[in-house]
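Peer 1: The structure under discussion is supplied below as structure tokens; questions concerning it will follow.
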Amino acid sequence: MNWCCRSVSKVHDAWFADEEQVRKAVGLLDEPVVQHPNARELTCGICFENYPRSGIEMASCGHPYCFSCWEGYISTSINDGPGCLMLRCPEPSCGAAIGQDMIDLLASNEDKQKYGRYLLRSYIEDNKKSKWCPAPGCEYAVTFDAGGANYDVSCLCSYSFCWNCTEEAHRPVDCGTVVKWIMKNSAESENMN
1 MNWCCRSVSK VHDAWFADEE QVRKAVGLLD EPVVQHPNAR ELTCGICFEN
51 YPRSGIEMAS CGHPYCFSCW EGYISTSIND GPGCLMLRCP EPSCGAAIGQ
101 DMIDLLASNE DKQKYGRYLL RSYIEDNKKS KWCPAPGCEY AVTFDAGGAN
151 YDVSCLCSYS FCWNCTEEAH RPVDCGTVVK WIMKNSAESE NMN
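Under full-length UniProt numbering, read the sequence shown as residues 1 to 193, first letter to last.
Dropping the structure here:
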């Protein structure tokens, strides 16, 4: 479940119904799992090398990892695909979320751009008021505020389409008629071959 794109009222309802469950689902911890009160050196949980505290980064859980191991973990996760949006601590038994601040601090510029594209794509696809433009090669998204019977929208690329069926704008013809017309034209073109 992608909590970042849910409506605020639904998140509030879920939070007040079962705060602990929501915290667990999104990886929010009440307090660190591991604490290092006065340690000057810490051992990286991946490469097992000792580092001064300044050479270690920790998520909210407190599990320590060196910068190099964090960079590798984050880069691998981003290059594995959009699942990186739900990135968790590398410790297998830990569910602590890795926030945008860690991505900004430790990811390469190329990986930050990929992460940003995944985040944008996730937002557009999870938001009922936005869609990707169906024009070939277009990378813009369009937002739509329903308020009437007109579903025609125009993209920044100048392509106009019907919000409801994503075919070319066809007002005043309804979407069902357009679909039948497209199927008929397709059948006729197959008969000609």
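Virtual Cβ for every residue (Gly too), placed ideally from N, Cα, C.
May I ask which residues mark the beginning and end of the beta strand (DSSP E) holding TYR159?
Peer 2: Mapped onto the sequence shown, residue 159 falls at position 159. Looking at the DSSP string, TYR159 is not in any beta strand (DSSP E), and its letter there is neither H nor E.
Peer 1: Would you identify the three-state DSSP class for PRO52, choosing helix, strand or coil?
Peer 2: In the sequence shown, the residue the question calls residue 52 occupies position 52. Strand, per DSSP.
Peer 1: Can you check which of these residues, PRO92, CYS44, ALA59, ASN127, is closest to CYS69 by C-alpha distance?
Peer 2: Here residue 69 refers to the residue found at position 69 when the sequence shown is read from its first residue. Considering only alpha carbons, the answer is CYS44.
Peer 1: Residue range of the alpha helix (DSSP H) that THR76 falls in?
Peer 2: Along the sequence shown, read from residue 1 onward, the residue named residue 76 stands at position 76. Counting along the chain, the alpha helix (DSSP H) containing THR76 begins and ends at 67-79.
Peer 1: If you compare alpha carbons, which of SER186, LEU120, SER60 is closest to CYS84?
Peer 2: For the purposes of this step, residue 84 is taken as residue 84 along the sequence shown, with counting starting at 1. Measuring from the Cα of CYS84, the nearest candidate turns out to be LEU120.
Peer 1: Taking SER122 as part of the alpha helix (DSSP H), name the residues at either end of that continuous run.
Peer 2: Locating residue 122 in the sequence shown gives position 122, where the first residue counts as 1. Start and end: 109-126.
Peer 1: Only counting the same chain, and skipping five residues up and downstream in sequence, which positions put a Cβ closer than 8 Å to that of ILE124?
Peer 2: Locating residue 124 in the sequence shown gives position 124, counting from the first residue. Only SER130, LYS131, TRP132, ALA141 meet the Cβ criterion.
Peer 1: What did DSSP end up calling residue 194 once you bin it into helix, strand or coil?
Peer 2: Because the chain spans 1 through 193 in this model, residue 194 falls outside it and cannot be assessed.
Peer 1: Straight-line CA distance for ASP111 to ASN79?
Peer 2: Stepping through the sequence shown from its first residue, residue 111 is reached at position 111. Stepping through the sequence shown from its first residue, residue 79 is reached at position 79. If you take the alpha carbons of ASP111 and ASN79, they lie about 8 Å apart.
Peer 1: Return the chain-ordered list of same chain residues with a C-beta closer than 6 Å to the C-beta of CYS4, the five sequence neighbours on each side being excluded.
Peer 2: The residue you call residue 4 lines up with position 4 of the sequence shown. In this predicted model, CYS4 has a pLDDT of only 48, less than 50, meaning its place in the structure is not dependable; the value taken from the coordinates is given anyway. Hits under 6 Å: none found.
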